[in-house]
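Written below as structure tokens is the structure these notes are about.
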Amino acid sequence: MSELRTKDEHTEAIRRDRKVAVVVNTRSRRGRRHYFEVIEQIHNLGFEPLVELSVYNPKRLRELLDTALATDPDLLVVGGGDGTLSSAVRHVAHRDVALGVLPLGTTNNFARSLGLPLDLAGAIKVFDTGKVADIDLGMAGDRPFANLASFGVSVEVAGKVKPWLKRIVGRPAYPMTALTILPGHTPFRAYITVEGRRHELLTHQLNIANGRFHGGWQVAKDISIDNGMLVAYQLGSGKRLRLLGETLIRATTGRWRSLAGGPFVVGREMLLETDPPMAADVDGEVRLRTPIRLRVVPNGVRVMVPDSFEDR
1 MSELRTKDEH TEAIRRDRKV AVVVNTRSRR GRRHYFEVIE QIHNLGFEPL VELSVYNPKR
61 LRELLDTALA TDPDLLVVGG GDGTLSSAVR HVAHRDVALG VLPLGTTNNF ARSLGLPLDL
121 AGAIKVFDTG KVADIDLGMA GDRPFANLAS FGVSVEVAGK VKPWLKRIVG RPAYPMTALT
181 ILPGHTPFRA YITVEGRRHE LLTHQLNIAN GRFHGGWQVA KDISIDNGML VAYQLGSGKR
241 LRLLGETLIR ATTGRWRSLA GGPFVVGREM LLETDPPMAA DVDGEVRLRT PIRLRVVPNG
301 VRVMVPDSFE DR
């Protein structure tokens, strides 16, 4: 791990030296359409990128992120959806480089958690007028994540939601797909151990959040991506109608009406066990299974954020 400058020094270096590298996922919902606009606006702010890379083949994303970081930028600008940005977070974690976020996906949970403008011009302007902050890094086992680990219905939804539906309707594509899966879904029992206390619940859906947003909607106003805590919560109970009702509310109003099963479970580290063992969707990638230990690494990632962001 390289020695880190202070955040003020890092911010000043970005504004003074303009050393940026740009990687845009042109397979994301808006990436291909806006790639040249992104490059033009970055140049208009006085940045002369060390490298400008477009990612059409997702399998090359990690390779191209490494190529960009090899130019030794102060700011790595990455455009794409939450999956792309999660990969970028893993690359810049604990390094003396800040991540600049271009929200080009469907839900843009990570960008929302950072308080970034969701329009391109606004997000790009942050690179010139914002500041470097450090935020929490989630760990699921030995796998870093930026926003969310989820279990249950959402894992099936992630595999079945149609790209064309996301392009047409945006965020509601996920709850709409969930409605087709729910009738045949079986609830599971989850056990969450935090600070020696074991919590038990029966549900169709469990989320453990590092960030503040899920599906493009705010989970709760007092959740932060920079408070050193993970937050576990369930959507619905073991009853399909309960989950169906809450999914409909979410799809039609964009708001959480309630979080079934009582208050959030909050902690720096959690052991999750499920019956039966289940796959984990970690920032959109399904690779791990329960039991799984999750923890937070405070200030594990540097990002460029608006001056209004509360950096703790």
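Heads up, the sequence shown is in the UniProt record's numbering, so the first residue is 1 and it goes up one at a time. Don't be surprised by glycine CBs; every beta carbon is placed ideally from N, CA and C.
- In the DSSP annotation of this structure, the continuous segment of the alpha helix (DSSP H) that includes Ala88 starts and ends at 82–92.
- If you check the CB distance, Val219 and Ala209 come in under 7 angstroms.
- Its chain contains Leu104 as the residues whose beta carbon lies nearer than 7 angstroms to that of Arg30, once the 5 sequence neighbours on both sides are disregarded; these appear in chain order.
- For Glu9, the enclosing alpha helix (DSSP H) covers residues 7–17.
- Residue environment: His214 is assigned as buried (16 or more neighbouring CB atoms within 10 Å of its CB, all protein chains considered).
- Ranked by Cα distance from Thr186, the first of Leu202, Arg198, Arg197 is Leu202.
- Straight through space, the alpha carbons of Leu114 and Asn147 are spaced by roughly 11 angstroms.
- The beta carbons of Asp136 and Asp226 sit about 6 angstroms from each other, so the pair counts as a contact at 8 angstroms.
- In the three-state scheme derived from DSSP, where H, G and I count as helix and E and B as strand, Arg289 is classed as strand.
- Per DSSP, Gly138 is one residue of the beta strand (DSSP E) stretching across 131–140.
- In the DSSP assignment, Arg62 falls within the alpha helix (DSSP H) that extends over 61–69.
- DSSP lists Asn207 as the beta-bridge partner residues of Tyr233.
- Counting every other CB atom within 10 Å of its CB across the protein chains shown gives Ser87 a total of 16 or more, marking it as buried.
- Contact between the stretch 55–68 and the stretch 288–302 is not established, with fewer than three Cβ pairs separated by less than 8 angstroms.
- DSSP places Arg112 in the uninterrupted alpha helix (DSSP H) bounded by 109–113.
- The beta carbon of Gly211 sits closer than 7 angstroms to those of Asn109, Phe110, Ser113, Ala146, Asn147, Leu148, Ile225, all from its chain and outside the five residues before and after it, given in chain order.
- DSSP, read as helix, strand or coil, puts Arg27 in coil.
- When only Cα atoms are considered, Ser150 and Val89 end up about 18 angstroms apart.
- About 7 angstroms separates the Cβ atoms of Leu230 and Gly138, confirming a contact at the 8 angstroms cut-off.
- The C-beta distance from Ile292 to Gly141 rounds to 6 angstroms, short enough to meet the 8 angstroms contact threshold.
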